[in-house]
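S.K.:
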Amino acid sequence: AEAAAEAAAEAALARAAGEREELRTQYERLLCDARAQVAAREAEGRLAAARAEDAQRAAAVCAEQARAARAVAERAEARAEQAAAEVEYLRGQLATTLRQQAQAAAAGRPHGGAAEKFVRFSMQSAGPPSPRA
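At position 46 of the sequence shown the residue is numbered 26 (this note's numbering), and the sequence of numbers has no breaks.
Okay, structure coming up:
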């Protein structure tokens, strides 16, 4: 009976050792899975942070491009205003020249090609002073 009890105890110890080994293997597997999940979450966090930084950089680039485009548009508008002022100035000069020619013709005086001279002069000149000056 004692030998049977001893054999039963040894068998129970062997089963317990096998179960302990199986539990240890399961524990190590679970621990490894948990570490992998933590590492994955950390990687996702780093990826999200990197994406946010990329988005901020892209937004800054877009804002700078918008500022540059506004500056270009403002310069173009200023040039258009100056060109319009020059056109008005030249129209006034031409109207004055034509009026003087008409008056000279009415008075019987030759005009000597004043309109042609004016056109040549206005094409060579720099035009009137800038209206913003």
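Each residue gets a CB set at the ideal place from its N, CA and C atoms; glycine is no exception.
Please report the straight-line C-alpha distance between residue 113 and residue 74, rounded to a whole angstrom.
M.R.: For residue 113, the pLDDT reaches just 44, beneath the cut-off of 50, and the residue's location in the model is therefore unreliable, leaving the point undetermined.
S.K.: Measure the alpha-carbon distance for residue -12 versus residue 9 and round it to whole angstroms.
M.R.: 31 Å
S.K.: Residue 7 to residue 0, Cα distance in whole Å?
M.R.: Between residue 7 and residue 0, the C-alpha separation is close to 10 Å.
S.K.: Does the distance between the C-beta of residue 40 and the nearest non-hydrogen atom of the ligand FAD fall short of 8 Å?
M.R.: Ligands in the displayed structure: none, and consequently the ligand FAD is not present.
S.K.: Just curious, the alpha helix (DSSP H) that residue -9 is in, first and last residue?
M.R.: -18 to 87
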